[in-house]
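Notes for the one structure printed next.
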Amino acid sequence: MAVWTRACKTGLLELLLRERWVRVSAELTGETLSLTAEPGTGDPSVVNGVVNGSAEAAAPGGVRRVRVVKAEAGGLGISIKGGRENRMPVLISRIFPGLAAERSGALRLGDAILAVNGVDLRDATHDQAVQALKRAGREVILEVKFMREVTPYIKKPSLVSDLPWEGAAPQSPSLSGSEDSGSPQHQGPRDRKVIPLKMCFAARNLSMPDLENRLIELHSPDSRNTLVLRCRDTATAHAWFSALHANITALLPQVLAELNATLGSGSPTAGGREVKHIAWLAEQARLDGGRQQWRPVLMAVTEKDLLLYDGMPWTRDAWASPCHSYPLVATRLVHSGSGRRSPALGSELTFATRTGSRQGVEMHVFRVETHRDLSAWTRVLVQGCHAAAELIKEVTVGCTLGGQEVQLSIHYEGGFTISRDEPGSRVLFRYPYERLKMSADDGIRTLYLDFGGPEGELALDLHSCPKPIVFVLHTFLSAKVTRMGLLA
0 MAVWTRACKT GLLELLLRER WVRVSAELTG ETLSLTAEPG TGDPSVVNGV
50 VNGSAEAAAP GGVRRVRVVK AEAGGLGISI KGGRENRMPV LISRIFPGLA
100 AERSGALRLG DAILAVNGVD LRDATHDQAV QALKRAGREV ILEVKFMREV
150 TPYIKKPSLV SDLPWEGAAP QSPSLSGSED SGSPQHQGPR DRKVIPLKMC
200 FAARNLSMPD LENRLIELHS PDSRNTLVLR CRDTATAHAW FSALHANITA
250 LLPQVLAELN ATLGSGSPTA GGREVKHIAW LAEQARLDGG RQQWRPVLMA
300 VTEKDLLLYD GMPWTRDAWA SPCHSYPLVA TRLVHSGSGR RSPALGSELT
350 FATRTGSRQG VEMHVFRVET HRDLSAWTRV LVQGCHAAAE LIKEVTVGCT
400 LGGQEVQLSI HYEGGFTISR DEPGSRVLFR YPYERLKMSA DDGIRTLYLD
450 FGGPEGELAL DLHSCPKPIV FVLHTFLSAK VTRMGLLA
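Quick note: the sequence shown uses numbering that gives the first Met the number 0, first residue 0, plus one each step.
Set out below in structure tokens:
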């Protein structure tokens, strides 16, 4: 595996938290990503080019008239609290990302709504305020006043309590070793989260649309949690993603060493097979109605198998229970390159695998994030299939030929042998690979082989789908051709 240089990076980003963008100071090291809430996170003004409040909004005591125009799809995009029954004004408690209120750039958390399209809400109940907002139509004129004294009533997002992440323990200044931990502005525990990068999945435009190309997704090793970061512009997002991806990739050799040590060469769950490569990528899933979407999947390649998991298998028991397991000798790479479009850089980088199974041919389409990932997976799969062929050497299946039970053996070096399925099995036919003139199958149970001999075409009834043995045959041939230097 190639040696990767780990990147260190710091800067201001936005974190999607409880359906709000909050400003964080991000610090990337070789093994962790630390996110620290910036002062004023609960009362933001301008962050990464997105305005959550105007200069007029910041003026205490000022009543403002704000015009908000709803889009064809989507509502006003706010939640409210308070009302007469709560002895409080009607307050904006949440502004939803991407909807009309946020796009207006003139509303903020803690604004009291005094009127909607001329309807006075100063003495309104919560329900009356809700109904007034619903009846407001597409163009809404709000009279609002910022109420700083009631902002404690609106819960501010906390990185510690609201950002679940397996294995990421919150840190305080006394534990973090920050040189600013003793300064007055950092008195008390800071709102900070430290994310270990080992076996995380950094992706672009996977679970959340990114029309502006500014988002980065970080999926946890157990795939249960996703962290979404927003950058100032496309170039900044690319730089942060490249650094995150490089650091995660640089940790893979350590992961492989730990995983192989945990499994052990003689472990029953490992089957004596060394893990050669493991990493996250995205798999194309088909939804109802023919729609498609990408979902994270963890792929591992051993000496003999290709394994797919929903989360990182840290234990022997988890390793022994993959979502899918395919023998490499019956698997082949059928596509590797750019797809129709890309979430980030112009074209999706995809590859596909096909495996012969008793159910027929099973196909998977995968997406990677970088050209280097695509090259690595292409090499790992092609070389892994060929190495598995040399390791396994021979595959034997029972079948019927001309009404008698026989065995078909395909040997990596020796070629084809068909013998009676009985003690002392007499050899009926034996041919090297170069004698094979034609092979075909009906996709149901019959394999056809023609060696140009006097017996003519042999129709072998395999009693089940012939695709596994067909794929093994192709892998043996491909490995032999490559070994002979006839195929680069």
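From the three backbone atoms N, C-alpha and C, an ideal C-beta is built for every residue, glycine too. These figures come from a predicted structure and were not determined experimentally.
query: DSSP puts L400 in a beta bridge; with which residues?; result: Q403
query: By Cβ distance below 8 Å, which residues in the same chain neighbour K303 in space, the five residues on each side in sequence not counted?; result: G270, R272, P326, L327, V328, A387, L390 and I391
query: If I measure Cβ to Cβ from R206 and keep anything under 7 Å in the same chain, skipping five residues before and after, which residues do I get?; result: This sequence places Ser at residue 206; Arg is not what is there. Contacts found: E216 and T225.
query: Below 6 Å CB to CB, which residues in the same chain sit around G166 once its five sequence neighbours on both sides are set aside?; result: Bear in mind that a pLDDT of 42 at G166, under 50, signals an unreliable position, so the number given afterwards is only what the model happens to contain. Excluding residues within five positions, the ones whose Cβ falls inside 6 Å are P195.
query: Which same chain residues, not among the five before or five after H385, have their C-beta less than 8 Å away from its C-beta?; result: T474, S477, A478, T481 and R482
query: Compute the Euclidean distance between the alpha carbons of L400 and V469, then round it to the nearest angstrom.; result: 17 Å
query: For E14, count neighbouring C-beta atoms within 10 Å of its own C-beta (all shown protein chains included) and say buried if the count is 16 or more, exposed if not.; result: The sequence shown places Leu at residue 14, rather than the Glu named in the question. Buried: at least 16 other Cβ atoms inside 10 Å.
query: Have a look at P172 and E37 and give me their C-alpha separation to the nearest angstrom.; result: Legend: pLDDT at P172 = 32, less than 50; position of this residue unreliable, value from coordinates given subsequently. Distance between the alpha carbons of P172 and E37: 14 Å.
query: Is the separation between the beta-carbon of P467 and that of R357 shorter than 8 Å?; result: yes
query: Using beta-carbon positions only, say whether S103 and R93 come within less than 8 Å of one another.; result: no
query: State the Cα-Cα distance for the pair V296 and W279, rounded to the nearest angstrom.; result: 6 Å
query: Determine the extent of the alpha helix (DSSP H) in which G289 is found, giving its start and end residues.; result: Run containing G289: none; DSSP gives neither H nor E here.
query: With a threshold of 8 Å, are at least 3 pairs of Cβ atoms found where one atom belongs to the segment 113-124 and the other to the segment 82-92?; result: yes
query: What's the C-alpha gap between H185 and S157?; result: Legend: pLDDT at H185 = 33, less than 50; position of this residue unreliable, value from coordinates given subsequently. Spanning the two alpha carbons is a distance of roughly 16 Å.
query: Answer yes or no: do V274 and T31 have a C-beta to C-beta separation smaller than 8 Å?; result: no
query: For A351, report the span of its alpha helix (DSSP H) as first-last.; result: No alpha helix (DSSP H) holds A351; the beta strand (DSSP E) holding it covers L348 to S356.
query: Under the three-state reduction of DSSP, which class applies to W279: helix, strand or coil?; result: strand
query: So, for S175: in the same chain, excluding its five sequence neighbours on each side, which residues have a beta-carbon less than 6 Å away from its beta-carbon?; result: Confidence is the limiting factor: at S175 the pLDDT is only 32, short of 50, which leaves the residue's position unreliable and the question unanswerable from this model.
query: Between the C-alpha atoms of R331 and E412, what's the straight-line distance to the nearest angstrom?; result: 20 Å
query: Out of R63, G359, P431 and R425, which one is the CA nearest neighbour of S463?; result: G359
query: For the alpha helix (DSSP H) that contains G383, what are its first and last residues?; result: H370 to I391
query: Span of the alpha helix (DSSP H) holding L262?; result: L251 to L262
query: By the DSSP assignment, the beta strand (DSSP E) with A111 in it spans what residues?; result: D110 to V115
query: Rounded to whole angstroms, how far is the Cβ of L98 from the Cβ of G74, which I believe are closer than 8 Å?; result: 7 Å
query: Here's a check: name, in chain order, each residue in its chain whose Cβ is nearer than 7 Å to the Cβ of A343, leaving out the five neighbours to either side.; result: Note on A343: pLDDT 41, under 50, position unreliable in the model; no value is reported.
query: I need the DSSP call for D209, collapsed to helix, strand or coil.; result: coil
query: Within 10 Å of its beta-carbon, does V65 have 16 or more other beta-carbons around it, so buried, or fewer, so exposed?; result: buried
query: Quick one: residues in its chain with C-beta nearer than 8 Å to the C-beta of W293, no 5 flanking neighbours on either side, listed in chain order?; result: L205, A281, E282, Q283, A284 and R366
query: Any idea which residues DSSP pairs Y430 with across the strands?; result: F415
query: Excluding five sequence neighbours on each side, which residues of the same chain lie with their C-beta closer than 8 Å to the C-beta of T352?; result: L305, Y325, T330, R331, L332, V333, M362, H363, F365 and L380
query: Which value, in whole angstroms, describes the spacing of the CA atoms of E142 and V21?; result: 25 Å
query: Report the option in F145, N116, Q127 and Q130 whose CA atom is closest to the CA atom of L108.; result: F145
query: What first and last residue would you give for the alpha helix (DSSP H) that runs through D316?; result: R315 to W318
query: For T416 versus R429, is the C-beta spacing smaller than 8 Å?; result: yes
query: Taking all protein chains shown into account, do 16 or more other C-beta atoms lie within 10 angstroms of the C-beta of A100, making it buried, or fewer, making it exposed?; result: buried
query: Thinking just about the alpha-carbon of each residue, which of G355, H276, P163 and G136 is nearest to the one in R444?; result: G355
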